[in-house]
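Residue numbers (the numbering used here): 19 to 500.
We put the CB at the ideal spot given by N, CA and C, even for glycine.
Down below is the structure, laid out as structure tokens.
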Amino acid sequence: MLAFHKTRCAFLERWIQFMTNAPKRSWRMKKAILANTISIALLCAPFWGQQASAPQANAQNPELEQHIRELEDRVIALEGKIRTMESEKAAAAQPQPAQSTAQPESGTAAQTTVPSPATTVPSPQIANETQAGLANAAGQLPVYGGSSAAAKALNPDISVIGDFIGAAGGNTAPPLATLQPFPSMEMHESEIGLQAIIDPYARGDFFISFGEQGVNLEEGYITFTALPAGLIAKAGKMRSAFGKVNTLHNHVLPWVDRPLVTTNLVGGEDGIDDAGFSLQRILPAPKGIFLEATGQVFRGDSDDVFAAQQRSDVSTVEHLRGYRDITESTNVDIGVSYARGHNNGNVTLPGDFITQLYGVDATVRWKPLRRSIYHSFVGRSEFIWSQRQQFPREQRAFGMYASGDYQFGRRWFAGGRFDWSERSQFDNLTDKGAAATLTYWPSEFSQLRGEYRFTRYAENRDGNELLMQLIFSLGAHGAHPF
Numbered sequence: 019m020l021a022f023h024k025t026r027c028a029f030l031e032r033w034i035q036f037m038t039n040a041p042k043r044s045w046r047m048k049k050a051i052l053a054n055t056i057s058i059a060l061l062c063a064p065f066w067g068q069q070a071s072a073p074q075a076n077a078q079n080p081e082l083e084q085h086i087r088e089l090e091d092r093v094i095a096l097e098g099k100i101r102t103m104e105s106e107k108a109a110a111a112q113p114q115p116a117q118s119t120a121q122p123e124s125g126t127a128a129q130t131t132v133p134s135p136a137t138t139v140p141s142p143q144i145a146n147e148t149q150a151g152l153a154n155a156a157g158q159l160p161v162y163g164g165s166s167a168a169a170k171a172l173n174p175d176i177s178v179i180g181d182f183i184g185a186a187g188g189n190t191a192p193p194l195a196t197l198q199p200f201p202s203m204e205m206h207e208s209e210i211g212l213q214a215i216i217d218p219y220a221r222g223d224f225f226i227s228f229g230e231q232g233v234n235l236e237e238g239y240i241t242f243t244a245l246p247a248g249l250i251a252k253a254g255k256m257r258s259a260f261g262k263v264n265t266l267h268n269h270v271l272p273w274v275d276r277p278l279v280t281t282n283l284v285g286g287e288d289g290i291d292d293a294g295f296s297l298q299r300i301l302p303a304p305k306g307i308f309l310e311a312t313g314q315v316f317r318g319d320s321d322d323v324f325a326a327q328q329r330s331d332v333s334t335v336e337h338l339r340g341y342r343d344i345t346e347s348t349n350v351d352i353g354v355s356y357a358r359g360h361n362n363g364n365v366t367l368p369g370d371f372i373t374q375l376y377g378v379d380a381t382v383r384w385k386p387l388r389r390s391i392y393h394s395f396v397g398r399s400e401f402i403w404s405q406r407q408q409f410p411r412e413q414r415a416f417g418m419y420a421s422g423d424y425q426f427g428r429r430w431f432a433g434g435r436f437d438w439s440e441r442s443q444f445d446n447l448t449d450k451g452a453a454a455t456l457t458y459w460p461s462e463f464s465q466l467r468g469e470y471r472f473t474r475y476a477e478n479r480d481g482n483e484l485l486m487q488l489i490f491s492l493g494a495h496g497a498h499p500f
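Given below as structure tokens:
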């Protein structure tokens, strides 16, 4: 019988050591182990009683009784741990779990205080994150960047658009020509966009251009969208609303270059881009017609188009746009434009020399609803007249372009363009040209375009060029006006 008691007690002791030496096990596993331990202890209790009632057994092994009492105390202490774990789980939301004490149920056992664990037992997922260095010892994931997403919500949408151009072929431009050929390879432009809602009444847009010629603020303005009478106002530096091509950034163009009429009469790539303010409003119109009027006042400096010598030399631009859906798949967009400002004719001669521009633009779009991602067509055309006062006489020049772009696949576009334009300072010189383009869109964030461009200058010089363009976008770049 004594050997039986020793075997049971040794088994009970091994169970207790197994539980206490396993800190990485979950509290549920410990609870199960402790329950089994207590059951074994209760099973051994009768034999302990029988052993206690036999004087000869106690006489033969007096330290066995003491060992049984010690194991009894340890079982009671471990039972207190179970209760502590259960109470800690119920109060897991509290930042600091309170310590609890467990009183032994046996009157002969000593009172034992069981401190609660300082931290909760991590789950397997948190344990893995802790080992990987993603979470701290308490199983909490770190928070970077300050006060959570509230601070990040104040950051603007940031985007970067790269425009890389390569050129091959021959194009020897005459000295008086405004169109200049591209170099063999260049990072033509890297545009950084910063856009955000300022408050419920306004939004801000900034576009900074980084090129091989330097850094330029292409546009930077605030738009007030909640003015009375349906008005929308802008203030800052912006592209004017003259025509269609002048309003577009380089990466939005359907060609590698800009049409000859834009280069000869409207300032080329920079165009009418100046500091000022703008007002626009939707006008009442017959049913089915969208009519919008825009009026703008600028400082009066727009490269080769306008030049201000004093504060009063401001320039103005007016544009009237009409839009109508012809069918569910076809729409037409027509606009008329007018611009007026001082030019650089008074640099050497006194007096006011004025340049006036008149323009008509038309756009036709076709996009079948059932095959919209595979087929579409956009036709564009602009006609521009220029009246430039200069010595010894006023120059009256005219220019136009017509283009069409057809989508024949989900990612493939083909197009062509015809150019015809006189020069603003030499209305007796006429340049002509044509271009064919093929564009592939790997995704919405990149495009690869090839263009063959033929140019016949007024000086009877021809240019034959093959242009390649790669455009790629990073970040959130807002949509441009339709």
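Glu207 places its beta carbon less than 8 angstroms from that of Gly229. Around the beta carbon of Lys252, a 10 Å sphere encloses 16 or more other beta carbons of the protein chains shown; the residue is thus reported as buried. Under the DSSP definition of a beta bridge, Phe182 partners with Met205 and Leu488. Judged by DSSP in its simplified three-state form, Gln425 adopts strand.
Each residue's CA atom was taken as its position, placing Pro499 and Thr373 some 27 angstroms apart.
Under the three-state reduction of DSSP, His269 is assigned to helix. Among the bridge pairs identified by DSSP, Asp291 is matched with Arg257. Distance from the CA of Tyr341 to the CA of Ile290, rounded to the nearest whole angstrom, comes to 24 angstroms. With contacts defined by Cβ atoms closer than 8 angstroms, Phe401 and Val378 form a contacting pair. Along the length of the stretch 300-352, whole beta strand (DSSP E) runs at least 3 residues long occupy 307-316 and 333-343, reported in chain order.
Residue pairing for Gln298: DSSP places it in a beta bridge opposite Ile250 and Thr312. Leaving aside the five residues that flank Phe308 on each side, the residues in its chain whose CB is nearer than 6 angstroms to its CB run, in chain order, Tyr341. Counting along the chain, Val233 sits inside no alpha helix (DSSP H); it lies in the beta strand (DSSP E) bounded by residues Gly232 to Phe242. Excluding residues up to 5 positions away in sequence, Ile210, Gly211, Leu212, Gly493 and Ala494 lie with their Cβ nearer than 8 angstroms to the Cβ of Ile176 in the same chain. Val335 is a Cβ neighbour of Ala259, given a cutoff of 8 angstroms. Restricting attention to Gly261, Tyr219, Gly313 and Asp288, the CA atom closest to the CA of Ile300 is found in Gly313. In the DSSP assignment, Tyr356 forms a beta bridge with Glu336 and Tyr376. About 6 angstroms separates the beta carbon of Gly417 from that of Asn282, a gap short enough to meet the 8 angstroms contact definition. The residue among Asn478, Ala420, Leu245 and Tyr219 with its C-alpha nearest the C-alpha of Thr190 is Asn478.
As summarised for the stretch 455-486, the continuous beta strand (DSSP E) elements at least 3 residues long and confined to that stretch are 464-474, given in chain order. For Val279, no beta strand (DSSP E) run applies; the uninterrupted alpha helix (DSSP H) run containing it begins and ends at Leu278 to Leu283, by DSSP. Judged by beta-carbon spacing, Ser333 lies within the 8 angstroms limit of Gly359, meaning their Cβ atoms are closer than that value. Separation of Ala303 and Lys385 (C-alpha to C-alpha, rounded to the nearest whole angstrom) is 25 angstroms. Gly363 carries a helical assignment under DSSP once its states are collapsed to helix, strand and coil.
Non-local C-beta neighbours of Asp319 in its own chain, meaning closer than 7 angstroms and more than five positions away in sequence, comprise Asp292, Ala325 and Ala326, ordered along the chain. With a 10 Å radius around the Cβ and a threshold of 16 neighbouring Cβ atoms, Leu456 comes out exposed. Taking every protein chain shown into account, the CB of Ser296 has 16 or more other CB atoms within 10 angstroms, so this residue is buried. Boundaries of the beta strand (DSSP E) harbouring Ser394: Ser394 to Arg406, taken from the DSSP string. Taking the Cα of Val279 as reference, the smallest distance to any Cα among Val263, Leu271, Pro272 and Trp273 is reached at Val263.
Looking at the backbone, the Cα of Thr381 and that of Pro246 are separated by about 31 angstroms.
The residues Asn189 and Thr473, in chain order, have a CB closer than 6 angstroms to that of Gly481 in the same chain once the five nearest residues on each side in sequence are set aside. Shortest Cα-Cα distance from Ser464 to any of Phe490, Ser404, Val315 and Val350 involves Phe490. If you ignore the 5 residues before and after Phe200, its C-beta comes within less than 6 angstroms of the C-beta of Ile183 and Ala185, all in its own chain and listed in chain order. Of the candidates Glu236, Phe242 and Ser202, the residue whose Cα lies closest to the Cα of His267 is Glu236. Residue burial is scored here from C-beta neighbours: Gln84 has fewer than 16 other C-beta atoms within 10 angstroms and is therefore classed as exposed. Short of 7 angstroms from the beta carbon of Gln298, and not among the five residues preceding or following it, lie these beta carbons of its own chain, in chain order: Ile250, Glu310, Ala311 and Thr312.
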